[in-house]
Every structure is written in structure tokens, then in C-alpha cells.
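Since the structure comes first, as C-alpha cells, the remarks are kept for the end.
Quick look at the structure:
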């Protein structure tokens, strides 16, 4: 019995001293490259014009070129992802910055207290027209109560 215990102690001591080879961790996938024609990526790069209202290291906010309300801003991540369906591809800091920026620009535009709406269209059936994740921040006037029902002519 003593021999068995001595052998186990020797094995344990040897195991503690031997270098342990770590299993290499798979590298995180690189973000997908932005399409060359993405207008929002061009705005982020400064090669397309915009009327910026807010910017930090993660997000950019600017006026929509076809406003549907008195205040109609777009908040986008600087990193390209096509839509809300790919949200998990963004770092958690960027995800948090997107929502914080929506509230910040609403406050800066004076629509925080009276009310505003945040909308993200994901996919063609939701009428997404630019395939770079973006949030519409709209307000500054009484908005239509039911924003999801189709117009009678469209049914």
C-alpha cells in the first residue's frame, strides 16, 4: 500500500512539474468586409456626405436624407453588419453604444420628453433599403399610432 501511495505521489508531483500544453483557442472570425458600395460605410469613411449630429468611436448619427418626421436621424455602427439579424457580430460595446446614441440624439434634438420612436428594419420584407444596420430615431411631432399596419391600398 505504501508503494502504491508513493507511486501516486511521485506521479502527481511529476504531473505538476511537467509543462501543460494548452489547446489553441480558435481565433474569432474576422468581421465581414464592408461592401464597396455601402453608402453608410462611405459616410463612416468620410467619402460620402452626411449631416452628422453625433459620433464616438463605435457609432455615428446623422440626418436621414428622406425624413419621414420632423426629426428623423439614423444611428449606425461604424463596423459594417447588414442588419439587426447580425447584431451578435458586433462587440458588446458597439451594441450598447447604438442604443445609448439613440437616446442621446433624441435628447440633443429636444424630443426625449415628448416622445420618440426607434425603428430598425431588418430585411427586404421589412423595407430595409440600405443593408448596413441602422436605427431610425424619429419624433418632434405626433407620430402615427399604428406604425406596423399596412395601408389599405397595400393589403
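In mature numbering (1 follows the signal peptide of the UniProt record, and there is no 0), the protein residues as written are -20 to -1, 1 to 135. Note that CB positions come from ideal geometry on N, CA and C, so glycine has one too.
Counting along the chain, residue 84 sits inside the alpha helix (DSSP H) bounded by residues 72 to 88. The beta carbon of residue 106 sits closer than 7 Å to no other beta carbon from its chain once the five residues preceding and following it are set aside.
If you compare the alpha carbons of 113, 68, 85 and 91 with that of residue 34, the shortest gap goes to 85. In this structure residue 49 is buried. Its beta-carbon is surrounded by 16 or more other beta-carbon atoms within 10 angstroms. Apart from sequence neighbours up to five positions away, the residues of its chain that approach residue 127 with a beta-carbon distance below 8 Å are 97 and 99, ordered along the chain.
Straight-line spacing of the CA atoms in residue 80 and residue 23 works out to 20 Å.
The C-alpha of residue 26 is placed about 16 Å away from the C-alpha of residue 15. Relative to residue 44, the option among 38, 52 and 37 whose CA is nearest is 52. Residue 57 counts as buried, since no fewer than 16 other beta carbons sit within 10 angstroms of its beta carbon.
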